Structure formats: structure tokens, C-alpha cells
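Read in order, the letters of the sequence shown correspond to residues 956 to 1100 in this note's numbering.
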Amino acid sequence: MTTSVENRRLFWNACYNVRDLGGLPAGPDQQLTRSHAFVRADNLARLSPAGQTDLVAYGIRTIIDLRSEFELAIDPPPFAANSGQPGHPTYQNIPLLDETDAEGIAQGNQLTSLAAYYIFAADRYQANIGQIITAMAAATEQGAI
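Next up, the structure:
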């Protein structure tokens, strides 16, 4: 039995779309994913100091930021400066999209559904996705976001 979205939602001050991915069925045998292993969130730059404390208290030890350099310049990552220091998570920036890929960005902007865009991005940015999955796999004994 899966865990409901309500039970997986995390309330970290000023970050509005945070969920633990534990309790979701995965693989051919539909085993449930482990809680506190992987969390997904919107922009962590919005976190208040209390929200940042909540993230660390939840057990997050690795942050994989999928934003581009352009996005980082607009909303700097709050965990980058202290990355890996005692009491602070390790921060990695591995952009999902290639902001220098003008052709790909133009093609993606022409798509009319989010599902079509996700399929397009998964196909076009396979190398980036491979790097992201490698970073996630390296964080198996700790919480990652």
C-alpha cells in the first residue's frame, strides 16, 4: 500500500512543494521506496532559516540542485557556501537542462503539454540525467533532495 501524498508532504518554512518520495511503489515487484532517502522540493532558495534547519533535521545530507546557472544567479542556493562542513549538507549543482542549447530550448518551448516536455527533456538531456542519477545513487545511506 502506498503512502498518501498528504502523509509524504513536508512543511518546511517558505518552501511550498516538498515531499518525501518514500512509500511509492517501484520496480516490477512494486516494493515501496524507503522514507527519508529521497525528497523532492521546489526552490530551496526560498527556505527561511527555520526551513533550512528543518531540512537538516529531517536528515538531508546531500542537495542536488537541478537549476541552471541563470536560475542560480536569480535565486542563489542557500546551502552552497557551507557545503560539506559539519552540520551542513553537501551541495551539488547538476543542471537538468543545458541553458546553452538554444535549439533544444526552442523545441521544448513549442511543446503543448508537460508530459510531452518531460519526454522531450528525458531524451535530449540523457547525459545530464545520468549525472543526476549517479549523484543520487552516491547518496544512498543518507537523505538527498
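Cβ atoms here follow ideal geometry from the backbone N, Cα and C, with glycine treated the same way.
Computed from a predicted structure; not experimentally measured.
Confirm, please, whether the CB-CB distance from residue j to residue i is below 8 Å.
i     : j     : result
I1018 : Q1047 : yes
R1016 : P1033 : no
V994  : I1100 : yes
L1002 : A969  : yes
L987  : D975  : no
If I measure Cβ to Cβ from residue i and keep anything under 6 Å in the same chain, skipping five residues before and after, which residues do I get?
i     : result
G1014 : H991 and G1098
Return the chain-ordered list of same chain residues with a C-beta closer than 8 Å to the C-beta of residue i, the five sequence neighbours on each side being excluded.
i     : result
G962  : Reading the sequence as shown, one finds Asn at residue 962 and not Gly. If we look at N962 and ignore the five residues flanking it on each side, its Cβ neighbours are G978.
P1031 : A1000
I1087 : I1019, L1021, I1049 and L1051
Let's see if you can read the secondary structure: which residues bound the beta strand (DSSP E) around residue i?
i     : result
T1017 : I1015 to D1020
F966  : R964 to W967
Could you spell out the range, first to last residue, of the alpha helix (DSSP H) harbouring residue i?
i     : result
N972  : Where N972 is concerned, there is no enclosing alpha helix (DSSP H), although the beta strand (DSSP E) it sits in stretches over C970 to D975.
Y1080 : Careful: Y1080 lies outside any alpha helix (DSSP H) and carries neither H nor E.
G1006 : P1004 to A1012
A1028 : E1024 to I1029
Out of curiosity, what's the CA-to-CA distance linking residue i and residue j?
i     : j     : result
A1071 : S1038 : 35 Å
G1006 : V973  : 11 Å
Inside the region 1040 to 1078 only - beta strand (DSSP E) runs reaching at least 3 residues: 1045 to 1048
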